[in-house]
Amino acid sequence: MRKMILILTVIWINSGVLSGCAGSKAKVFGTDMPSMKTIHDNKFHKINDERLVKPNRFSSDKAEEVHEEFKWLPNPTLTMYVFKHLTTASHPIPGYNTFFRLYTKNHIAAPGEQEG
């Protein structure tokens, strides 16, 4: 009996969910809605029927000014040589050089911080 009630409940829930998908888009949204392309063009490309021009944000002079004003703080690199050795499973590993930075992140100096 419980199995029959469970099956009927599942069928009832599924029919309710699927009946929501049976409606047409015109009933839900209406027919006077603009298309997504029209909305996008109105939002991003035109103001009063005038096409927008993307501004040139950085000239070469401004980019150089930014690089002069903000400098990277030094982050020393330590080089380490790992000698040839055997793994726990007796596989040979040749010697190699590796490096790691002293600090985990590179930091940028505030304006005027590296002067003097």
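In numbering that gives the first Met the number 0, the protein residues as written are 0 to 115. Cβ coordinates follow ideal geometry from the N, Cα and C atoms, glycine included.
Nearest-angstrom Cβ-Cβ length linking residue i and residue j, presumed shorter than 8 Å
{"i": "F69", "j": "A25", "result": "With 8 Å as the limit, F69 and A25 do not qualify as a contact, their Cβ atoms being about 56 Å apart."}
{"i": "T78", "j": "N96", "result": "6 Å"}
{"i": "L85", "j": "P91", "result": "6 Å"}
Segment limits, beta strand (DSSP E) that includes residue i
{"i": "M79", "result": "T76 to V81"}
{"i": "F98", "result": "Y95 to R100"}
Same chain only: Cβ atoms within 6 Å of residue i, ignoring 5 sequence neighbours per side
{"i": "Y102", "result": "N74"}
{"i": "L72", "result": "H106 and A108"}
{"i": "R100", "result": "N74 and T76"}
First and last residue of the uninterrupted alpha helix (DSSP H) at residue i
{"i": "H39", "result": "M35 to F43"}
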